[in-house]
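Shown next, in structure tokens, is the structure this report addresses.
2 protein chains.
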Amino acid sequence: MTVSQPRLAPGDALLMVDVQNDFLPGGHLAVSEGDAVIPILNRYLDYFSRKGLPILATRDWHPANHCSFKNQGGPWPEHCIAQTSGAEFPAALNLPESAQIISKATHPDQDAYSGFQGTDLDSLLKSREIRQLFIGGLATDYCVLNTVKDALKFGYTVYLLQDAVRAVNLSPDDGKKALQEMKDLDCRLCNINDLQPRATPSAALYTDLYQLTMMQGYFDQNMNDPAVFEFYVRELPPGRGFLLNAGLEQVLDYLEDLRVASQDLEWMRDCGFFSKNFVDSLKGFRFTGEVHAMPEGTVFFPNEPILRVTAPLPQAQLVETRIINLLQFQVMIASKAARIVLAAPGKTLMDFGLRRSHSIEAGLFAARASYIAGFTGTATIPAGALWDIPLFGTMAHSFILAHDDETQAFENFARSHPDNVVFLLDTYDTENAAHKIVDLAPRLQKEGINIRGVRLDSGDLQNHARKVRKILNAGGLDEVKIFASGDLDENKVRDFESCKTPIDGYGIGTRLATSADAPMLNCAYKLQEYAGRPRRKRSEGKSTLPGCKQVYRNFSADHKMTGDTLALDKEDMVGEPLIEAVMRQGKRCRPAVSLGEIRERTAQELNRLPEPLRSLQQDSPYPVEISNTIKKLAESLDRNL
Amino acid sequence: MTVSQPRLAPGDALLMVDVQNDFLPGGHLAVSEGDAVIPILNRYLDYFSRKGLPILATRDWHPANHCSFKNQGGPWPEHCIAQTSGAEFPAALNLPESAQIISKATHPDQDAYSGFQGTDLDSLLKSREIRQLFIGGLATDYCVLNTVKDALKFGYTVYLLQDAVRAVNLSPDDGKKALQEMKDLDCRLCNINDLQPRATPSAALYTDLYQLTMMQGYFDQNMNDPAVFEFYVRELPPGRGFLLNAGLEQVLDYLEDLRVASQDLEWMRDCGFFSKNFVDSLKGFRFTGEVHAMPEGTVFFPNEPILRVTAPLPQAQLVETRIINLLQFQVMIASKAARIVLAAPGKTLMDFGLRRSHSIEAGLFAARASYIAGFTGTATIPAGALWDIPLFGTMAHSFILAHDDETQAFENFARSHPDNVVFLLDTYDTENAAHKIVDLAPRLQKEGINIRGVRLDSGDLQNHARKVRKILNAGGLDEVKIFASGDLDENKVRDFESCKTPIDGYGIGTRLATSADAPMLNCAYKLQEYAGRPRRKRSEGKSTLPGCKQVYRNFSADHKMTGDTLALDKEDMVGEPLIEAVMRQGKRCRPAVSLGEIRERTAQELNRLPEPLRSLQQDSPYPVEISNTIKKLAESLDRNL
């Protein structure tokens, strides 16, 4: 007999039969090992509970003169008398408050082994659109057996929880026989380990449905020739002058590790969109293509490809969604962070964005992208733990609030972190707190603790910074740094800097990690060539430039960028070519570049920016010329339509 | 001897010694089992490559008359003569192009067992700031031994790759003796399995550094009393009238599963911020608190808590970052999606946002949040695979472009997906493509294939939709639906709808999944009570209302919301209380709510919105009154400062 693997879905419910104290060891009608079902049932309960699926429990709920009792001429000792402790569910059973309880055999002259007998269980289940029942409890050979038989009779699909039932076994084989009887009636069997949570799709399925439906089409037509796709940004966000490349290493990691996992194949087979042959063809799928790209930390401009994928069409198609997803985000954040770096030369810049980033991955990559751009570090722990990005952070208002006294809070913190003492000043009154710090400093100094800094997080930061600086200096705390945070971006930072506000460092969170003024890039990953022939989309406002491209950059005598040329890869143009091979046959053709090297490249690139591009307002765009060969190619493709 | 665990970091390099054909079985100076090192070295190569660490390879590169050859009076047969195949690296070795090759013993009269002898290896390594070498290759008892000895002499820390070396063993114990000699000189040993990639931190460390530094402070002061934190939004994004609650189930999953993993403890021990006692205290950490919340799908307003955590202070503190991260995003997206739903009643609404969402998780949760709000489905595969959210998607421009003929592309697609035929019209010319569809339809119909719809993705969508509708109707294709996509949001959709544009459904991507007009919420998770005493932060513009709160909602006779009261939890107010217990002792106290139920609740809530809140422009805010008790409590806390 094949045990079919159940996969829980709406329409399923858990039905527990008579798990009551009187049926447990020590009870009035104890089932041997009856208590052994409790820990297993708790796992089923937890599982159904998490899936949001209904849970029901039947119970014997007898009057004291019930006909099944020996003293009334029945076969059993007195048991499960309503309102007695023997009728209660055992305390160790984690029955949720929301479980529905079905009391049965509640009349003196009526017995009921089945939970359906004399109850409204069936109509209850039907009203909740339950079609499949998972049944366990006590005892296999009486109430479980009869409940299962009725459930099958009423048309439910039934799984017996084989590891969560026990038998009375008046005759030693009663349990076994009951099990056989249920199996013969088409009851299925289930154990807790069969109920796996639905497997999370692997990275191969981090994509849009249409990538797979197109792949099915390519498969049916045997369209496996090499395709060239390029990723580029169509236009700069308003007010921006340049973009900074970031995220390439994550794209290469993704491509190197790309596999279609067994759970992906299983989902594809079940979902109804694809043919079996196509799904089977994906077994052992790997990315085997080439990647050319600009190095991370390179400044670039609209229409310049920063990444080119050359691979068999279906492979190059599948990866579109994730490549855009990875590159857009880090480019967007690095480009914004670079503006902040340019606005605050030499200042400590800390990324505080994790909480309002759009996910943990977004927060992590925001920390990476801003560090690449020149930030000093981040508050995001995983970015420190994974990549050794320097971590910053000391206290929030809650630390102060949880103490009855602000100075006491400062003091306690300083003793816990003698090397990392930065006090948050604005919980109650910023200047008042600064005076407290001045009073506290000598006490701490006696213990060898130096205050590193203070943080201002609300109000008129410029005004507070000046006042706090005066208070600290007057108290001999000239060395104590002032950090500011709270809704900052490059414009606010530039304003503070241009007024020479005494702020030594900035914590920049939400507006950096969401790129709040431009939370998306108008970017694309487009087919430029298939089977050796250039291709061109002509959609209004979104037309593409055909062919494999290279970007050539020119510089002035003093090493400032003067203009780029976008040309075909095979053209020989003047200037430094920016796009290089980074992956062949699905493997990196050079080691991953370290964050330190990328930071250095960025610093060099920002130095080479023409002066107007270094300011926050942008008037005239940087010149990017399109080669005549590309223009002619586009025209000739249009003519042949 | 303790084998110290290496953890790769900048300053490390891989140095392979003489893995050349002549030293492999079949070569002129074959080392027994010499080829066994290749697969292991390939794993080291892959590993160093991915970590971005330098790779170097030495090689014997002898002239034909080299002094080490027997015919020149030396001890060895002729081997590794420059430019011969015997001197080449084996083809099976995945040496990256970027590896640096060091040729040695290149002069007739000079031999070199060590890679440092007569080469610039040392200066090369120093210029790249290498301090630690991982050395393997052939043979243990000659060139590896001597290279290791020189490396130690020159001051490097050296790990011998014990599983990637083999010995010549002229005497049977030569290899063993060489190993002992290296160990005695303080060479360390390493096997491939010692080089584990750095473990990804678990969800417990998805947080800001300051949460952990504060926890260290609480630990030192033994501050474990119950704390009450509430999550709320401070103000509505511009132009918005209400918010929609979403993301609660993800918060509960996070809290139920929260564990501090061994890699987290290891990182905390190593990072230098924390005391050993504190880190040890986190072993077995669990969230054991209570959660009260508004159900998902509930409409809410500024200052109304949608989630309250009651837990020992350190626990409630640790979870701040992730709770904000989870709730902000889904609330933001669900609230925006609800506006789109209100703008296009009865239309098919598809989330197309994955590619430009700020990560896969963001795309996945955007699909969930928009489905909750009333969207019909999504293109995001994992949202379908994990939660059975209906999936939409057919073809992109690349499918058309990869074919030489547009009609052929349509035809091929239709045959591959006879039940899901939606054609993209704007690759070259939208109306032209519509005519092609009309011509194609009868041919497909003969094969039993019906065209379900067409999609417009660029240009003046309203204009194209009208023209295409006419063309289709004239061709008898009245049943074919028109879907539109491309930079849409609630305002564009409302405009199309108000002009009765013949569009049957909208694919909404970037502006939904990034909440482009408001990519962040001004929201907070704030301490309201500690150790039974209410707390109040007074920071300018960010002051809090103290105490555990409840929201009471009132309705008109026709079931429209008329106003809310924000009161203390223990106050008895008029209206429907919106906040309920959802978790006790760290476990859900009811099953997870299904997406279907949440969608139903949302639909009901949107129906109960007062009419002005259903429009996209907002003038007068919905009334939320703050109870006198809260106001008095805040005043009394301020007085006692």
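So the protein lines, in turn, are chains L and P. Position 154 of the first sequence, counting from 1, maps to 1311 under the working numbering, and the rest follow consecutively. Position 231 of the second sequence, counting from 1, maps to 1388 under the working numbering, and the rest follow consecutively. Just so it is clear, CB atoms sit at the ideal spot from N, CA and C, and this is done for glycine as well. Predicted model only: the values in this text are computed from it and were never measured.
One thing to note: R1692 of chain L has its Cβ within 7 Å of the Cβ of L1558 of chain P.
Of the candidates L:M1552, L:Q1229, L:G1534 and L:K1440, L:G1534 places its Cα closest to the Cα of G1753 of chain L. Check the Cα spacing between K1433 of chain P and each of P:R1391, P:D1377 and P:L1678: the tightest is with P:D1377.
P:E1423 is the residue among P:E1423, P:L1409, P:E1254 and P:S1772 whose C-alpha sits nearest the C-alpha of P1358 of chain P.
For a Cβ distance threshold of 7 Å, residue set P1253 and E1254 of chain L lies close to C1746 of chain P, ordered along the chain.
Assignment of beta-bridge partners to P1691 of chain P by DSSP yields P:E1686. When secondary structure is reduced to three states using DSSP, A1542 of chain P falls in the helix class. Against chain P, a Cβ distance below 8 Å from G1374 of chain L picks out M1552, F1556, N1569, F1570, S1573 and H1574.
In the displayed model, T1759 of chain L falls within a helix according to three-state DSSP. Where Y1709 of chain P is concerned, the enclosing beta strand (DSSP E) starts and stops at K1706 to F1712.
DSSP places A1248 of chain L in no alpha helix (DSSP H); its state is neither H nor E. A check of alpha carbon separations from P1395 of chain L across L:P1676, L:V1781, L:L1794 and L:G1616 identifies L:P1676 as the nearest. For P1383 of chain P, the enclosing beta strand (DSSP E) starts and ends at P1383 to V1390. The Cβ atoms of T1364 of chain P and A1335 of chain P do not sit closer than 7 Å to each other. By the criterion of a C-beta distance shorter than 6 Å, C1300 of chain L is surrounded in its chain by V1174, D1175 and Y1270, once the five residues flanking it on both sides are discounted. Residue environment for C1237 of chain L: buried (at least 16 other C-beta atoms within 10 angstroms of its C-beta). Within its own chain, the residues whose Cβ lies closer than 7 Å to the Cβ of T1564 of chain L, once the five positions on either side in sequence are excluded, are K1593 and L1597, listed in chain order. Between D1377 of chain L and chain P, the shortest Cβ-Cβ separation is below 7 Å. In the DSSP assignment, V1650 of chain L falls within the unbroken alpha helix (DSSP H) covering E1647 to S1655. As DSSP reads the structure, L1401 of chain P sits in a beta bridge with P:V1456. Annotation for C1428 of chain L: the continuous alpha helix (DSSP H) segment containing it runs S1419 to C1428. Note that the C-beta distance between L1723 of chain L and I1660 of chain L is not below 7 Å.
Counting C-beta atoms within 10 angstroms of its own C-beta, D1266 of chain P has fewer than 16 neighbours from the protein chains shown and is therefore classed as exposed. Non-local beta-carbon contacts of T1314 of chain L in its own chain, meaning distances under 6 Å to residues more than five positions away in sequence, involve Q1289 in chain order. Between A1519 of chain P and A1540 of chain P, the gap from beta carbon to beta carbon reaches 7 Å or more. The residue from P:L1198, P:T1370 and P:K1493 with its alpha-carbon nearest to that of F1399 of chain P is P:K1493. Counting only the Cα atoms, F1458 of chain L lies some 42 Å from V1595 of chain P. Per DSSP, reduced to three states, the secondary structure at Y1779 of chain P is coil, with no helix or strand assignment. Within chain L, the residues placing a beta-carbon under 8 Å from that of I1481 of chain P are R1512 and R1513, ordered along the chain.
Between R1612 of chain L and V1579 of chain L, the CB-CB gap stays under 7 Å. With a cut-off of 8 Å on Cβ pairs, the region 1233–1251 of chain P is not in contact with the region 1315–1328 of chain P, counting fewer than three such pairs. In this structure, Y1528 of chain P sits away from I1517 of chain P, with a CB-CB distance that is not shorter than 7 Å.
In the DSSP assignment, M1371 of chain L is bridged to no other residue.
The way I'd put it, the region 1449–1467 of chain P does touch the region 1721–1737 of chain P; three or more beta-carbon pairs between them come closer than 8 Å. Contact of D1279 of chain P with chain L is not assigned, every C-beta pair being separated by 7 Å or more. Rounded to the nearest angstrom, the gap between the Cα atoms of S1189 of chain P and V1325 of chain P is 7 Å.
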